[in-house]
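2 protein chains.
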Amino acid sequence: MTEKTMRPSTYAIIEPEEASKLIYENVAQVGVEEISLLEGNGRILAEDIYAIGDMPPFDTTAVDGYALLWEDGIETRLIIGERTAGKVSDVTVVAGTAVRIMTGAPLPSGANSVIMVEDTSEDNKKLIVRKLPQASDNIRPTGQDLQAGQLVLKAGITLNAAELGLIATVNRPRFQAVRRPRIAIISTGDEIVEPGEVAAYGQIYDSNRFSLVAAVRNAGAEAVSLGIAPDTREGLKNLVERALAEYDGLVTSGGVSVGKLDLVKDLLEEMGTIHFGRVNLKPGKPLTFVTVEVDGKRKPVFGLPGFPVSSLVSFELFVRPALLKMGGFAELSRPVLQVRTEHVIKHSPERNEFVRAIVTSHYDPETSNYWYSARTTGAQTSSRLLSMLGANALLKLVPGSNEIAEGSIVSAILIEQI
Amino acid sequence: MTEKTMRPSTYAIIEPEEASKLIYENVAQVGVEEISLLEGNGRILAEDIYAIGDMPPFDTTAVDGYALLWEDGIETRLIIGERTAGKVSDVTVVAGTAVRIMTGAPLPSGANSVIMVEDTSEDNKKLIVRKLPQASDNIRPTGQDLQAGQLVLKAGITLNAAELGLIATVNRPRFQAVRRPRIAIISTGDEIVEPGEVAAYGQIYDSNRFSLVAAVRNAGAEAVSLGIAPDTREGLKNLVERALAEYDGLVTSGGVSVGKLDLVKDLLEEMGTIHFGRVNLKPGKPLTFVTVEVDGKRKPVFGLPGFPVSSLVSFELFVRPALLKMGGFAELSRPVLQVRTEHVIKHSPERNEFVRAIVTSHYDPETSNYWYSARTTGAQTSSRLLSMLGANALLKLVPGSNEIAEGSIVSAILIEQI
């Protein structure tokens, strides 16, 4: 055991806004890669996508029915052929004739209207028409949906079902997307034990790493768990170096407090640039942000506090936006609602406190307006992970007083759907 | 080419509510499996999780500092030892003494208060105290966060960062979760071509399958693309049989319209029970729902229309809730908001029309109320996938009139975040 005297942190405490700015300025999009249509869900498009041709590429029918001349009116026609979508027979519609046509098939030449099968009957190759056809009825003209050369999707959008359908429509089986950041996750602390092993007296089970793997994935990144860091400076250094060599960034939990045996901050100080080491935040004050140059790349390390709630709340506020930026997402922020407090909330008079809460929506049918209320999730201790359960928002309570009255309006950062 | 006469569909048209009910009654949760903590994100818990012991398991400190007796007041103490979280030395605090203690370490016997390092200084094994300690300061008593035997998480909840942290905390490296439904996806139609190949005249590129793979994944299920179905009854039958033997359900697109060459409905009629074959819906009228008994299991087949928007809208309204139910999700519905239309909207006077729209929120700081407005995404043709782009809602327009006035209040189903 070292006999170094235990001393408080000497890092300046910065405001949350300053911390966000420093992180934003020091992380960058990780790069692009070619992917296939089946891999595209949730990815960020990294090139503009244009229509190569018109869509539909030919005049076609929107319904199953008969292609005919509207000028023939309601008179009975002779059925002279059939067109399905995939089998295109060469047939021309002339006065007094009609061609059976299936949805999506090219319109036969000559035809200028399509009548729905529901408005007809067939009798021995004769078509009986029960509704007066109009010019262009049920015809989808060439290029109605997309025109050749048209910009269909802009680089930077998030790909979902409709966007992927459009990329397929314009015949792009592979395309450029932003690579998902690959983030290593390490837990530190000689008191934590892998779940499944046996905790000795003084030990507890590691939980932060499993929470953080989920949180990283929910920020569109790949999460790789590197386990619990060894208890020695040398072992920790080797693991951190390997993580930074192989991955785009590193998230640690624990080891950033003021204790004399908290190795992480010391090590990171030696390896890279500490942009900040404390934030005026509750929970999450010891949050540390470091960048390390590795092979010419600046890689971020987020040192999160060890208490489970401190770890998750500081991840939510600071690491999530960073990972989204690295992954090319345009929108880095969660939605914020102004909500009315359902009860008195005690809070820190000195620090920006982020309180876990349940926001409920209320609708007034007379005015068609909505308002939102919020109640906290019980005891807000940093260690009490139960306070995150069911929470769909973090209420931001600014320093000044030490409580806010029932019915006050505060900002709620929505972390889940209401 | 068959010479079977083309005839309209004979399936009764049912209302959307009836269709939802029939689907709900005929799909069931697919079963459970054991998974690990690292696989848990987004999964549905399938067992109750209890605390095996107290958390914290011993009296501990919430801060780095010194364990001492509060009754000694502000007098200087002799430092007699040190406790880190993982290395527990056997030391007892008595009057006039203090023990260095790191966050999370068990409280040494005798101590009844912990003073933060920030409120102290050390001088040659002497501890100088600059703040009067109070009883129990900074002590986290045994069981403060969780008590042995306590129900921590109930079966049925969705697992996210906090929930997974709690499962780790109570030392459950593996646990029961609902299995993700495995859903096969097939496109049909002899006019569609795989992206990357060359479309002949009359052909277009398959897009629905790629959209549906994304949509199935977004409903918490596994999606397996089985390609474009062969153009023959025998080939289609073999593919559908294989899909139903290997997967929990099947989604097809195309082949459910009224055309005489639409093989899918005919085949499904032969293989299973058609619960409905048409819905009073725009877009999506030909939506078909079938169940087939395979090895004693009832497996759902959703026959979606071929037009891209019809396919995606009917998926959203009917297939998504079914997959969520199969996957064990408690909440099957999207949030619905009452919104004010920004302009006149023409719609079908006969069918329930679901119009793609962009909902915007408006905040009134005077009343702290919100209201929401909606505008459509342009031409609402069933083929025009662009009408899905940027849409965050589907407006439900009920039959009756053929337009709704600007400023009307309508229901908006939120399919994306506002």
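Chains A and B, in that order, give the protein sequences.
When the letters of the first sequence are read in order and numbered with our numbering, they come out as residues 1 to 418.
When the letters of the second sequence are read in order and numbered with our numbering, they come out as residues 1 to 418.
Glycine included, C-beta positions come from ideal geometry on N, C-alpha and C.
- Close partners of residue 338 of chain B in chain A (Cβ separation under 9 Å): 363, 365, 368 and 370.
- Taking 7 Å as the cut-off between beta carbons, the residues of the segment 108 to 136 of chain A near chain B are 117, 118 and 122, in sequence order.
- Residue environment: residue 401 of chain B is assigned as exposed (fewer than 16 neighbouring CB atoms within 10 Å of its CB, all protein chains considered).
- Secondary structure at residue 373 of chain A: strand, using DSSP grouped into helix, strand and coil.
- For residue 22 of chain B, the CB contacts under 7 Å within the same chain, skipping 5 residues up- and downstream, are 275, 276 and 289 in chain order.
- Per the C-alpha coordinates, the member of B:272, B:180 and B:229 positioned closest to residue 219 of chain B is B:180.
- Restricted to the segment 241 to 288 of chain A, the alpha helix (DSSP H) segments that are unbroken, complete and at least 4 residues in length are 263 to 271, listed in chain order.
- Residues of chain B whose Cβ lies closer than 7 Å to the Cβ of residue 100 of chain A are, in chain order, 6.
- Around the beta carbon of residue 133 of chain B, a 10 Å sphere encloses 16 or more other beta carbons of the protein chains shown; the residue is thus reported as buried.
- Ranked by how close their Cα comes to the Cα of residue 11 of chain A, the residues A:386, A:151, A:394 and A:273 have A:273 in first place.
- Assignment of residue 218 of chain B by DSSP, reduced to helix, strand and coil, places it in the helix class.
- About 19 Å separates the CB atoms of residue 358 of chain B and residue 403 of chain B; that is not less than 8 Å, and the two are not in contact.
- Contact with chain B is absent for residue 375 of chain A, since none of that chain's Cβ atoms lies less than 7 Å from the residue's Cβ.
- Annotation for residue 52 of chain B: no alpha helix (DSSP H) segment contains it, and DSSP assigns it neither H nor E.
- Listed in chain order, the positions of the segment 329 to 353 of chain B with a beta carbon within less than 8 Å of a beta carbon of chain A are 335, 337, 338 and 340.
- Proximity of chain A to residue 211 of chain B at the Cβ level (cut-off 7 Å) is accounted for by 161, 162, 164 and 165, in chain order.
- Looking at the backbone, the Cα of residue 348 of chain B and that of residue 42 of chain A are separated by about 33 Å.
- Among the residues facing chain A, residue 78 of chain B is not included, as its CB has no counterpart in that chain under 7 Å away.
- For residue 300 of chain B, the enclosing beta strand (DSSP E) covers residues 297 to 304.
- Comparing alpha carbon positions, the residue from B:315, B:311 and B:82 closest to residue 384 of chain B is B:311.
- In this structure residue 417 of chain B touches residue 335 of chain A by the C-beta definition: roughly 6 Å separates them, less than 8 Å.
- Residue 288 of chain A has a beta carbon lying at 7 Å or more from every beta carbon in chain B.
- Counting of Cβ neighbours within 10 angstroms places residue 270 of chain A among the exposed residues, the total staying below 16.
- At least 7 Å separates the CB of residue 298 of chain A from every CB of chain B.
- A distance below 6 Å between beta-carbons, with the five flanking residues on each side excluded, links residue 412 of chain A to the following residues of its chain, in chain order: 337, 339, 359, 374, 393 and 395.
- Here residue 71 of chain A is exposed. Its C-beta has fewer than 16 other C-beta atoms within 10 Å.
- When C-alpha distances from residue 37 of chain A are compared across A:100, A:177, A:68 and A:103, the shortest belongs to A:177.
- Residue 266 of chain A has a beta carbon lying at 7 Å or more from every beta carbon in chain B.
- Interface with chain B (7 Å Cβ-Cβ cutoff): residue 72 of chain A is excluded.
- Spatial neighbours of residue 59 of chain A in its own chain (CB-CB distance under 8 Å, excluding positions within 5 residues in sequence) are listed in chain order as 106, 107, 139, 140, 141 and 142.
- Chain A places no beta carbon closer than 7 Å to that of residue 226 of chain B, leaving this residue out of the contacts.
- Listed along the chain, the chain A residues whose CB falls inside 9 Å of the CB of residue 411 of chain B amount to none; the nearest CB is some 11 Å away.
- Not a single C-beta of chain A is nearer than 7 Å to the C-beta of residue 54 of chain B.
- For residue 417 of chain A, the chain B residues whose Cβ falls inside 7 Å of its Cβ are 335, in order along the chain.
- The beta carbon of residue 145 of chain A sits closer than 7 Å to some beta carbon of chain B.
- Nearest CB-CB separation between residue 45 of chain A and chain B: not below the 7 Å threshold.
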